[in-house]
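Working notes for the structure below.
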């Protein structure tokens with residue numbers, strides 16, 4: 014059976030995720046901005062956290078890890094390359110390693126760019142990828158540590174997953190991302206429709222994540238840097254894909 018996913022709002026605009034294996038009762042928490050909302054969500058469902066999966070070292074993704082681990086005894090998993098700046102790890106993983114949540118198996122993907130050592134967790138049988146601040150709904154993370162080429166390579170890895178994959182990302186940035194995306198592709202009908210849907214969801218206080226990879230491929234300008242129509246819109250015909258991505262990222266930084 015696929016993992017059951019619960020999106021947990023934290024802080025002002027962060028999300029954590031519960032990933033529950035119904036067959037065994039094992040429950041992973043992906044990123045822990047703060048412990049209290051996660052403990053409340055677990056308690057409301059009668060679940061206990063068995064694992065904590067960390068995507069990257071930023072405080073708004075790890076500050077609640079010590080409290081949650083102490084309260085639940087959950088096994089803490091994170092990138093070996095980032096172990097020196099993460100809470101103590103019970104398991105340090107690298108790209109290609111397998112993570113098990115009950116009967117469900119996930120694969121670790123290196124998605125450096127936002128930070129060096131950022132990882133994603135892809136649970137192929139459940140059709141889910143936890144991307145943290147790499148691929149986001151209608152966006153991608155700012156390049157705090159990596160290069161544009163690194164981030165583009167990371168996004169290409171994620172873009173190659175099955176289009177029906179559910180993308181579980183770490184923030185509620187989708188409205189502002191949509192406004193920016195429309196400056197790149199104002200004639201993209203799918204993007205315009207999605208922007209309206211996002212506005213309606215936020216007006217009702219609903220989360221706009223997870224999204225599907227198919228939605229991102231159709232509307233996310235950072236995944237669309239390879240397309241001729243995007244290059245033409247930017248006046249960058251003939252430019253390399255990573256160069257076009259870098260220009261889009263630079264424009265978003267100034268937006």
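Residue numbers (the working numbering): 14 to 268.
Think of the CB as a built atom: it goes at the ideal place given N, C-alpha and C, for glycine as much as any other residue.
Asked: Alpha helix (DSSP H) segment containing residue 211, residue limits; Found: 202–216
Asked: Counted within 10 angstroms of its Cβ, other Cβ atoms place residue 147 as buried (16 or more) or exposed; Found: buried
Asked: Buried or exposed by the 16-neighbour rule on C-beta atoms within 10 Å, applied to residue 25; Found: exposed
Asked: Residues sharing a beta bridge with residue 145, DSSP; Found: 182
Asked: Status (buried if at least 16 other CB within 10 Å, exposed otherwise) for residue 185; Found: buried
Asked: Simplified DSSP state of residue 269, which is helix, strand or coil; Found: Because the chain spans 14 through 268 in this model, residue 269 falls outside it and cannot be assessed.
Asked: Nearest-angstrom Cβ-Cβ length linking residue 50 and residue 21, presumed shorter than 8 Å; Found: 5 Å
Asked: Candidates 69, 57, 77, 85, of which the one nearest residue 63 by Cα; Found: 85
Asked: Per DSSP, cross-strand counterpart(s) of residue 118; Found: 113
Asked: Simplified DSSP state of residue 72, which is helix, strand or coil; Found: helix
Asked: Rounded separation between residue 162 and residue 259 - CA only; Found: 8 Å
Asked: Rounded Cβ spacing between residue 183 and residue 145 (contact assumed at less than 8 Å); Found: 5 Å
Asked: Where the beta strand (DSSP E) containing residue 66 begins and where it ends; Found: 64–66
Asked: Limits of the alpha helix (DSSP H) - the one that residue 104 falls within; Found: Run containing residue 104: none in the alpha helix (DSSP H); it sits in the beta strand (DSSP E), 104–106.
Asked: Which of helix, strand or coil DSSP assigns to residue 260; Found: helix
Asked: Strand pairing of residue 153, partner residues [DSSP]; Found: 148
Asked: Pair within 7 Å by beta-carbon distance, residue 135 and residue 124; Found: no
Asked: Collapsed DSSP secondary structure at residue 193 in the structure displayed; Found: helix
Asked: Proximity winner among 67, 35, 205, 46, relative to residue 60 (alpha-carbon distances); Found: 35
Asked: CB contact flag (residue 247, residue 178, <7 Å); Found: no
Asked: Residue 93 beta carbon less than 7 Å from that of residue 107; Found: yes
Asked: Close Cβ partners of residue 172 (< 6 Å) along its chain, the five nearest in sequence each way excluded; Found: 236
Asked: Proximity test, residue 224 beta-carbon vs the ligand HEM heavy atom, cut-off 6 Å; Found: Although the ligand HEM was asked about, the structure shown includes no ligands whatsoever.
Asked: Bridge-paired residues (DSSP) for residue 136; Found: 141
Asked: Top-ranked residue by Cα proximity to residue 18, from 201, 228, 223, 240; Found: 223
Asked: Residue 77 to residue 200 span [Cα, whole Å]; Found: 42 Å
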